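According to this note's numbering, the sequence shown is numbered sequentially starting from 9. Just so it is clear, CB atoms sit at the ideal spot from N, CA and C, and this is done for glycine as well. Please read these numbers as outputs of a predicted model, since none were measured by experiment.
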Amino acid sequence: MLAKRVIPCLDVHDGKVTRGVQFGRAEEGGLRNVGDPVELALRYNQQGADEMVFFDITASAQGRASMIDVIERSADQCFMPLTVGGGIREVSDMRAMLQAGADKISINSSAIQNPELIRAGAEKFGSQCIVVSIDAKRTLPGRWEVFVKGGRQATGLEAIVWAQQAVALGAGEIVLNSIDADGTKAGFDLEITRRVSESVGVPVVASGGAGNLDHMADVLLQGKADAVLAASIFHFNQHTVADVKRHLAARGIPVRLDPVSSTTPV
């Protein structure tokens, strides 16, 4: 069995890492500043993170320049793969981030608006570089709908069907974000994670709801995810990446244990 991955996520707004609850917005005071993205990336790199995800939630021209700088500085100092998303609408945007040092590109709203962007990116850079991020919200029993614009606009797309379409177009990975669970620390949505994981032939990264170590183990075991992505549990020093990996290993989940991070507090 392949090792499961532990992935910290950094939401970057105007050059700073922020954290909200259920997709809180800056204009509503729903974001809390956490710190400098490069400093946090270095911290998680030292703790043994398998990957790092950066989401540019500013998604403006100014934010794009800031994000390129963040990626360049992080790639220069970190040894883990970097994924970047937010405001990527063209193949040229993908190229700019990959040239800055990103290993993968994550697209969300732009993939829904232009599904051929998935195919174009996969053909140009390879499916392994193209991640489709899906923000899903339960709208009826047993049905999850895809939302865009930070979880504010319904698309009418059913989440499982869209995940399958994205993979058919060339996506090499799915990040599944539960809007209902996001930032609540009440646990992942195990049902939708399992259903998506079972319906696509690429890795699924579970996102939204990590509140304790068992939540992360449960979504890998019961939700059948290939990786777990979290923010608050790491940013506010509740647990380190090494804490998570030790707990997962104790529950029989295969993980990559770094000899330094697994024994030395960071």
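Contiguous alpha helix (DSSP H) elements confined to the region 46 to 107 occur at 69 to 85, taking only those with 4 or more residues. Counting only the Cα atoms, Gln107 lies some 28 Å from Gln173.
Taking the Cα of Arg97 as reference, the smallest distance to any Cα among Trp152, Ile138, Arg203 is reached at Ile138. Within the same chain, Cβ atoms closer than 6 Å to the Cβ of Ser114 are found at Thr91, Gly93, Val139, Ser141, the five residues on either side in sequence being excluded. In this structure, Met75 is the residue among Asn116, Met75, Asp84 with its C-alpha nearest to the C-alpha of Gly23. Boundaries around Ile241 are those of the alpha helix (DSSP H), 240 to 243, since no beta strand (DSSP E) includes it. In the three-state DSSP reduction, Val175 falls in the helix class (H, G or I). Counted as a single uninterrupted DSSP element, the beta strand (DSSP E) harbouring His21 occupies residues 13 to 21.
About 5 Å separates the beta carbon of Val263 from that of Ala11, a gap short enough to meet the 8 Å contact definition. Leu256 is positioned such that its CB atom lies closer than 7 Å to that of Ala225. In the assembly as shown, Ser100 is an exposed residue. Its beta-carbon has fewer than 16 other beta-carbons within 10 Å. For Arg151, the number of other beta carbons within 10 angstroms of its own is below 16, and it is reported as exposed. DSSP lists no beta-bridge partner residue for Leu265.
Here Asp84 is exposed. Its C-beta has fewer than 16 other C-beta atoms within 10 Å. The beta carbon of Val25 sits closer than 8 Å to those of Leu18, Asp19, Asn41, Val42, Gly43, Asp44, Pro45, Leu48, His243, all from its chain and outside the five residues before and after it, given in chain order.
Following the DSSP letters along the chain, one finds Asp251 inside the alpha helix (DSSP H) bounded by residues 249 to 258. In the three-state DSSP reduction, Phe155 falls in the strand class (E or B).
Judged by DSSP in its simplified three-state form, Thr26 adopts strand. Secondary structure note for Gln161: its beta strand (DSSP E) is the uninterrupted segment 161 to 166.
Here DSSP, grouped into helix, strand and coil, assigns Ala119 to helix.
The three-state reading of DSSP puts Lys193 in coil, since its state is none of H, G, I, E or B. DSSP places Val169 within a helical segment (H, G or I) once states are collapsed to three.
For Ser141, the uninterrupted beta strand (DSSP E) segment begins and ends at 138 to 148. In the DSSP assignment, the residues bridged to Asn185 are Asp143, Ser215. Taking one beta carbon from each stretch, the region 208 to 217 and the region 151 to 161 have fewer than 3 pairs nearer than 8 Å; the two do not touch. Between the C-alpha atoms of Ala238 and Asp190 there is a straight-line separation of about 10 Å. DSSP places Ser207 inside the alpha helix (DSSP H), whose first and last residues are 198 to 207.
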